[in-house]
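Quick note: the sequence shown uses our numbering, first residue 22, plus one each step.
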Amino acid sequence: MDLKTRKRLSLLLLVIGLPGYIAIAWMILGWLGDRYGRLPILVELLVIVVLGIIWILPFKRIFSGIGKGE
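Printed below as a string of C-alpha cells:
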C-alpha cells in the first residue's frame, strides 16, 4: 500500500474510528458502572487503555510511517 493511500486511510480511521472507539469505551464503562457501582479511577484508566490497544492493533500497519516524508 503506498504512502498516499495509508495517509488517507489513517485520516479516515481517526475521523470515524476514534469517535467510535470513544463511544464504545464510554458505553462499556457505563455498563460496568451500572453493574458494579462507581469504579476506581485506576480501573477506569486500565479499561480505557486496554480498549485503546485493542482498537489500534489491527491498524498498526496503516499508521506506521505516516509522519515521514515522501
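Even for Gly, the Cβ is constructed at its ideal location relative to N, Cα and C.
{"Item": "Cα separation between L33 and F84?", "Value": "11 Å"}
{"Item": "Are the CB atoms of I87 and R29 nearer to each other than 8 Å?", "Value": "no"}
{"Item": "Taking the C-alpha atoms as reference points, what is the distance between I75 and P40?", "Value": "15 Å"}
{"Item": "Taking only the alpha-carbon atoms, compute the straight-line gap between V64 and G51 and give it to the nearest angstrom.", "Value": "13 Å"}
{"Item": "Between D23 and I37, what straight-line distance do the alpha-carbon atoms span, to the nearest angstrom?", "Value": "21 Å"}
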